[in-house]
Every structure is written in structure tokens, then in C-alpha cells.
Amino acid sequence: MHIKARRMGDSLIVRMEGELDLKTADAFKARVRAELAASGRIRHLILDLRGVPFIDSSGIGAILGRCREIREERQGRVIALAPRRPVRRVLALAGLLRLVDVAETQREALAMVKEGSAVP
Amino acid sequence: MHIKARRMGDSLIVRMEGELDLKTADAFKARVRAELAASGRIRHLILDLRGVPFIDSSGIGAILGRCREIREERQGRVIALAPRRPVRRVLALAGLLRLVDVAETQREALAMVKEGSAVP
Amino acid sequence: MTLPEGIANQVVLEFPSKPENVAFARTAVAVFAAQLDFTLDELDEIKVAVSEAVSNAVIHAYGDTVGTVRVEAAITTGGELILRIIDRGQGIPDVAAARQPQWTSRPEERMGLGFTFMEEYMDAVDVESAPQAGTRVTLRKAPARAPIAR
Amino acid sequence: MTLPEGIANQVVLEFPSKPENVAFARTAVAVFAAQLDFTLDELDEIKVAVSEAVSNAVIHAYGDTVGTVRVEAAITTGGELILRIIDRGQGIPDVAAARQPQWTSRPEERMGLGFTFMEEYMDAVDVESAPQAGTRVTLRKAPARAPIAR
Ligand SMILES: Nc1ncnc2c1ncn2[C@@H]1O[C@H](COP(=O)(O)OP(=O)(O)O)[C@@H](O)[C@H]1O
Ligand SMILES: Nc1ncnc2c1ncn2[C@@H]1O[C@H](COP(=O)(O)OP(=O)(O)O)[C@@H](O)[C@H]1O
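Protein chains in written order, with my numbering: chain A, 1 to 120; chain B, 1 to 120; chain C, 1 to 150; chain D, 1 to 150.
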């Protein structure tokens, strides 16, 4: 699992490459926490999932934890950017699509966090 | 392993999809033999390897056997069409590139069998 | 290896209960399962179910120690996939409770969705467990486009 | 599972000596090997070597019957991959002869290139065999870009 993070305005864009499971979920969690701790300006989290071919409940748990932090502590939104079919199906199965919006492009994701700046 | 075969002039074009190993080599061998038996006009064999991600010595053996038949019984040529990197490396390692020419496109393969119609 | 009655093919995997082996197990099982006529979606579902069952053996069965996880994958002569994920760990005190959605013994870290995902993605889930003896999860699935022959 | 001294991780596969399990074995081993920093070319080489050793167990070890093939894959603490492909079949009468390029006991069907490919693609090949007891082939390889630490 390779993780890259960068800030754009008040959004943190986290790009992952690799499978998100028991082995890799902790690294994802730690990285997002570190980025949030480093910048109080971040309100929204955009998860670029294009490079993630697989997720299971350990990965879902890691994303859900970040949702809570973003929504409760930063009053922001979490956007899943272009999840692949197996990942999208698991996000839906876990009920996560009630908390996370799906964007197909980064442009769309950035527009989403701009438009409605409150929790949806 | 899916195998499709069609004749173009005096060439038999065999297109494979799947790994060529102990499990699948026999089907390849049987198919080419049946096509050769069905048409005395066939002189050359073009093996479309674009869909073959893997080959081992069982697959090499199946190709080598066809080379012998084509070269000795039909005085024709065998062309490997666009083998992928791992397959190309194994063909080279087995010394098969002394008996088989490599073409990158079907056009090129057909030109090769037209130009020099004798065994190279 | 004489295959048991009704079994057309079978593979066994054994490995230590380390997080990095979860990916190994689910991928190896999916490659084996592809001997049946499963769709890509179905193979993805099998991967998730195996990932959940093996993750449970890694997280819950052996506490902080490393134990052995055994995965038996079989294809029946009728064309069904049967998976057994077996550990010799601490067992599940109350299986019925553990299988409830969102029930977890580690609420700080886990979501309690493992069994739910297994149920959702497999045709049948069976859990046998005994304290200090271990847990055996049996998962079954047949390709939807080729119903099992009996 | 207490891992042996010097072994960082280890998986065991067992399956019947059927041709369709050759693809399973090489893919499963490659997925495990990817825990080390091998290049794609190196992983392809490992797949070929495993395919050859397992094909041999399928073709030569058990005649027309089906026996068990066992594959042990280990990663040493020094970062080397060690593979053992084990059968309990008829064994190789003359190992030195069998390892010669183009030597085969079945010249009608086989090319005798299996051991040659294993030698070419792995760092070391070791063959132990006893008549009627079976054969154990040991293959070793370390990622070229990360030499093994000792
Ligand atoms: N192999 C196992 N050994 C011991 N306990 C287990 C095992 N599998 C599951 N459990 C117990 O069942 C509970 C529910 O499992 P699951 O639905 O997978 O959720 P989670 O893993 O997120 O806790 C676990 O929290 C654990 O207490
Ligand atoms: N596991 C095995 N059991 C019995 N005999 C074997 C085994 N592996 C190899 N051999 C013998 O060694 C010979 C050479 O093997 P190899 O180089 O792989 O060539 P091939 O498989 O094409 O014959 C085989 O023909 C066979 O006689």
C-alpha cells in the first residue's frame, strides 16, 4: 500500500495504491491522522480510490473512523473518488454510502466539497 | 484456454487466450493438428500470443512439436505474433527463436510468410 | 491423496496468523475457485469472505501470539466451492452473538461486520467453535450461472 | 506455529497431482513471493520455476495415479525465498542425468527442459530423491535489487 497525501484548499486528498485490508488499514489511518493533526485548516477528506482493487471490513473500519473524525471534529465531508467496482460494492454493502459521497473525477470531488460546505 | 483458428491464404492463424502449460498444451496441440489435417493448403502457422500471459516448458514443447510438423511436412514457417514479455523471454531461453520468427502485428506476420515462402 | 467421496479437487493452505498472509490466502483461494465458472463479481465476493474469516483467525484466535491458520478449499463433483477456515485458538464463547451484525469483542478497533460480509457474499456460512480448542468456519458458494448438480 | 529459526514467514500448500493445480501452485507462490521486493520479471521467473517443478510431480512422480504434492514456501529473515516442492512418488533413479538439459524419460511427449528452466531462473536448485520414496526439489532466489542480508 502506497499512500500519498496533499492539501488543496480546505481538502485533504489521499491517494492510495494497493489493497486496503487488515495489513494496510493501520498505515492509512495513521497517515490521515498525522495530516489532520498537522493542519487545522483541513475540513474535507477526498479518498482517491482509483488504485485500490480490494477492500474488506478492516478497510471499511478505517474509512469509517476517518468519517467520524472529519464529520464530528471538522464538520466536513468525505468523498470517495472513483472507487472500482469491487470496492464500490463493499462500500454499499457496509452502508458507507450514507456517510460518503462518490465522485467520478477529482474535479467533481472538489466541486462537491465547495458547493455544500455543511455536513449534507 | 480459449483457442480460435482461421485460415488466411496458406496460413493458419491460431489465437490463444490463457496460460499455456501442462493443463492447456494438449488442447492447443490437438486443435492445430485437426486444422492441419482438415486443410492440405496450410503451409504456415501464425501463433497469435497476445492473450497468453504465461508459458512454461510444457507450452514450449507443444509449440516446438507444431514447428517440426510445419517445417518438415509443409515446408512452411511459424510466426509468433506479439508475445508478451514473460512469454518472449521463455521462447528465447528455450532457443525457440531460432525456429520461430516474431512479428509485432498480424500484418507483419502475413507479410513475413508471403515474402520468403521457403524455410528461412 | 485419495480425494474424499464427492470431492473433485481440493487444496490446503497453512500459514502463520500474520496480517500479511490475509492477502495471500484470499488470492490463492480465488485462483483455485476460478476452476469453477464463477463471474468476476463472484470471485471478488469469495475474496472478501475469505479475507474476513482469515482476518478473524489472525486478530481474534491467538491473542498476541502467532498460531497456524489452515484453509481447506474443495470443489465438489456437483460444482460447488466449499471453504473451511480453521484455527486452534481461543474459540468463540457465544457463536450466535458473535454472528450478529456489528457485534464485536473489540469495539475500539473493529466494526463487527466480518460475519455479515461472509453471510452476504456466500451461499452458506457455518461456524463451529469450542473454547481453547479453536474455530472452524465453513463457507459454501456455487456459481450462479451454473447451478450445482446433485 | 512457531516459525523455524531464521524464517520470517512461511506458507504450505497441499493439493492432488492434477494438471489444473499447476496454475494454482505457481500463482499462489508468486503472490506469497511478492512479500519480498522482487521485480515483475523475477516474479515471472519464480512462476516458471514452480510450474516446472510442480508439473514434474504431476507427470513423473505418480504414474497414472493421483498423489499429493506439497509446496513449502518460506521467506528467510535475510530476505531470501526458499521453495520446496515435495512428492511421495517413484523418485528419480539418476538425478545427475535427469538434470541434464534435454534429458527426459518421456522423449515422445516432453522436452527435458524443466530442470534447465529452474536452474536458469532461480539462484540455486537442489534435488533430493529416493526410489519409491519421492522427490524434494529446493529452489532459492533473492531479489536482485535487495541482496540478502546475512
Ligand atoms: N476465529 C475466531 N476466533 C475467536 N473469536 C472470533 C473468531 N472469529 C470471530 N470471533 C469473534 O466474533 C466476533 C465477531 O466477528 P466479526 O463479525 O468478524 O467482527 P470483527 O472481526 O470486526 O470483530 C469477533 O469480534 C470475535 O470476538
Ligand atoms: N518429481 C519427479 N518424480 C519423478 N521423476 C522426475 C521428477 N522430476 C523430474 N523427474 C525425471 O527427470 C526428468 C527430467 O525432468 P525435466 O528436466 O523437468 O524434463 P521433462 O519434465 O520435460 O521430462 C524427467 O523426464 C523425469 O524422468
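Backbone N, C-alpha and C fix where the C-beta goes; we use that ideal spot for every residue, glycine too.
(request) Indicate whether at least one CB of chain A lies closer than 8 Å to the CB of C:F15. (result) Sequence index remark: in the third sequence, residue 15 of chain C carries index 15 (1-based). So, not an interface residue.
(request) Select from D:A144, D:F115, D:L40 and D:T65 the residue whose C-alpha is nearest the C-alpha of D:V137. (result) Locating residue 137 of chain D in the fourth sequence gives position 137, where the first residue counts as 1. Closest by C-alpha distance to D:V137, out of D:A144, D:F115, D:L40 and D:T65, is D:F115.
(request) Tell me whether B:K4 sits in a helix, a strand or coil according to DSSP, three-state version. (result) For the purposes of this step, residue 4 of chain B is taken as the residue at position 4 of the second sequence. The answer is strand: DSSP assigns B:K4 an E or B state.
(request) Compute the minimum distance between the beta carbon of D:M111 and the heavy atoms of ligand 2, and state whether it is under 7 Å. (result) Position 111 of the fourth sequence, counting from 1, holds the residue named residue 111 of chain D. At least one heavy atom of ligand 2 lies closer than 7 Å to the C-beta of D:M111.
(request) Could you name the residues of chain A that C:K47 contacts, counting a contact when the two beta carbons are closer than 9 Å? (result) Working through the third sequence from its first residue, we reach residue 47 of chain C at position 47. Simply F54, D56 and P86.
(message) Mapping the DSSP letters down to three states, classify A:G61 as helix, strand or coil.
(response) Within the first sequence, the letter at position 61 stands for residue 61 of chain A. A:G61: helix per DSSP, three-state reduction.
(request) Could you run through the stretch 10-40 of chain B and flag, in chain order, every residue whose CB is less than 7 Å away from some CB of chain D? (result) If the cut-off is 7 Å between Cβ atoms, the stretch 10-40 of chain B has E19, D21, L22 and K23 near chain D.
(message) Does C:A61 pass the burial test, meaning 16 or more other C-beta atoms within 10 Å, or should it be called exposed?
(response) The residue you call residue 61 of chain C lines up with position 61 of the third sequence. That one is buried.
(request) Would you mind stating whether B:R33 and B:D10 have Cβ atoms separated by less than 8 Å? (result) Position 33 of the second sequence, counted from the first residue, corresponds to residue 33 of chain B. Position 10 of the second sequence, counted from the first residue, corresponds to residue 10 of chain B. No; because the gap between Cβ atoms is not below 8 Å, this pair is not in contact.
(request) Per DSSP, which residues does B:M122 bridge with? Please list them. (result) Nothing in the structure corresponds to residue 122 of chain B, since chain B is present only between 1 and 120.
(message) Looking only at its chain, what residues have a beta carbon closer than 6 Å to the beta carbon of D:E45, apart from the 5 residues adjacent to it on each side?
(response) What you label residue 45 of chain D is simply residue 45 of the fourth sequence in a count that begins at 1. Excluding residues within five positions, the ones whose Cβ falls inside 6 Å are Y121.
(request) Compute the Euclidean distance between the alpha carbons of A:T24 and B:E72, then round it to the nearest angstrom. (result) As a first step, residue 24 of chain A must be located in the first sequence, where it is residue number 24. As a first step, residue 72 of chain B must be located in the second sequence, where it is residue number 72. About 57 Å.
(request) For B:V119, decide whether its Cβ has a neighbour in chain D, counting only Cβ atoms nearer than 8 Å. (result) Reading the second sequence from its first residue, position 119 is the one you call residue 119 of chain B. For B:V119, the pLDDT reaches just 47, beneath the cut-off of 50, and the residue's location in the model is therefore unreliable, leaving the point undetermined.
(message) For C:V58 and A:D56, I'd like the C-alpha separation in whole angstroms.
(response) Taking the third sequence and counting its residues from 1, the one referred to as residue 58 of chain C is at position 58. Taking the first sequence and counting its residues from 1, the one referred to as residue 56 of chain A is at position 56. Approximately 14 Å, taken between the alpha carbons.
(request) May I ask whether a heavy atom of ligand 2 can be found less than 7 Å away from the beta carbon of D:G78? (result) Against the fourth sequence, residue 78 of chain D aligns to sequence position 78. False, no ligand heavy atom lies under 7 Å from that Cβ.
(request) Report all residues from its chain with a CB closer than 7 Å to the CB of B:G59; omit the five preceding and five following residues, and keep chain order. (result) Here residue 59 of chain B refers to the residue found at position 59 when the second sequence is read from its first residue. Cβ within range, chain order: L20, D21 and A25.
(message) So the candidates are A:V90, A:A5, A:I46 and A:G40; which of them puts its Cα closest to the Cα of A:A27?
(response) Within the first sequence, numbered from 1, the residue matching residue 27 of chain A stands at position 27. Of the residues A:V90, A:A5, A:I46 and A:G40, the one whose Cα lies closest to the Cα of A:A27 is A:A5.
(message) Can you tell me whether C:K141 is helix, strand or coil according to DSSP?
(response) Along the third sequence, read from residue 1 onward, the residue named residue 141 of chain C stands at position 141. In the structure shown, C:K141 falls within a strand segment according to DSSP collapsed to helix, strand and coil.
(request) Kindly say whether D:R145, judged by its beta-carbon, lies nearer than 8 Å to any beta-carbon of chain B. (result) As a working note, residue 145 of chain D is residue 145 in the fourth sequence. Not one chain B Cβ lies under 8 Å of D:R145.
(message) Counting only Cβ-Cβ distances shorter than 7 Å, please list the residues of the stretch 14-35 of chain C near chain A, keeping chain order.
(response) Hits within the stretch, in order: P19, E20, V22 and A23.
(message) Could you check whether the Cβ of C:N56 sits closer than 8 Å to any Cβ belonging to chain D?
(response) The count along the third sequence starts at 1 and reaches residue 56 of chain C at position 56. Interface flag for C:N56 against chain D is unset, since no Cβ pair is found closer than 8 Å.
(message) Rounded to whole angstroms, what is the Cα-Cα separation between C:Q10 and C:A73?
(response) On the third sequence, residue 10 of chain C is found 10 positions in, with the first residue counted as 1. On the third sequence, residue 73 of chain C is found 73 positions in, with the first residue counted as 1. Their Cα atoms are separated by approximately 6 Å.
(request) Give the interface partners of D:L3 over in chain C, defined as CB-CB distance under 8 Å, in chain order. (result) Numbered from 1 along the fourth sequence, position 3 holds the residue referred to as residue 3 of chain D. Listed by position along chain C, the residues whose Cβ is nearer than 8 Å to that of D:L3 are P16 and V66.
(request) List the residues of chain C whose Cβ lies closer than 9 Å to the Cβ of A:L64, in chain order. (result) In the first sequence, counting from the first residue as 1, residue 64 of chain A sits at position 64. Correct list: M111.
(request) List the DSSP bridge partners of D:N9. (result) Translated into the one-based positions of the fourth sequence, residue 9 of chain D becomes position 9. The beta-bridge partner set that DSSP reports for D:N9 consists of D:I75.
(message) Against D:Q132, what residues of chain C qualify as contacts under a CB-to-CB distance less than 7 Å, listed in chain order?
(response) Counting from 1 along the fourth sequence, the entry for residue 132 of chain D is found at position 132. Contact note: D:Q132 does not reach chain C at a C-beta cutoff of 7 Å; the least C-beta distance is about 17 Å.
(message) Can you determine whether any heavy atom of ligand 2 sits closer than 7 Å to the C-beta of D:N56, and answer yes or no?
(response) Translated into the one-based positions of the fourth sequence, residue 56 of chain D becomes position 56. Flag set: Cβ of D:N56 near ligand 2.
(message) If we define contact as Cβ-Cβ less than 8 Å, is C:D87 a contact residue for chain A?
(response) The residue you call residue 87 of chain C lines up with position 87 of the third sequence. No, C:D87 does not count as interfacial toward chain A.
(message) In the DSSP output, what is A:R74 paired with across the bridge?
(response) Within the first sequence, residue 74 of chain A is the residue found at index 74, counting from 1. Bridge partners of A:R74 according to DSSP: none are assigned.
(request) Taking only runs that begin and end inside the stretch 53-101 of chain C, name each unbroken alpha helix (DSSP H) of 4 or more residues, in chain order. (result) Entirely contained in the stretch 53-101 of chain C, the alpha helix (DSSP H) runs reaching 4 residues are, in chain order, 95-98.
(message) Just to confirm the assignment, what range does the beta strand (DSSP E) spanning D:E152 have?
(response) Because chain D is modelled from 1 through 150, residue 152 of chain D falls outside the range shown and cannot be assessed.
(message) Between which residues of its own chain and D:P16 is the CB-CB distance below 8 Å, once the five residues before and five after are set aside?
(response) Taking the first residue of the fourth sequence as position 1, residue 16 of chain D is located at position 16. Only V66, G67, T68 and V69 meet the Cβ criterion.
(request) Quick one: residues in its chain with C-beta nearer than 6 Å to the C-beta of A:A80, no 5 flanking neighbours on either side, listed in chain order? (result) As a working note, residue 80 of chain A is residue 80 in the first sequence. The residues are L47, L49, V100 and V102.
(message) Quick check on C:Q102: buried or exposed, where buried means 16 or more other Cβ atoms within 10 Å of its Cβ?
(response) Locating residue 102 of chain C in the third sequence gives position 102, counting from the first residue. That one is exposed.
(request) Closer than 7 Å by beta-carbon distance: list the chain A residues that pair up with C:S51, in chain order. (result) Stepping through the third sequence from its first residue, residue 51 of chain C is reached at position 51. Residues of chain A passing the Cβ test: D21 and D56.
(message) Bridge partners for C:R136 per DSSP, in chain order?
(response) The residue labelled residue 136 of chain C in the question sits at position 136 within the third sequence. In the DSSP assignment, C:R136 is bridged to C:I86 and C:E128.
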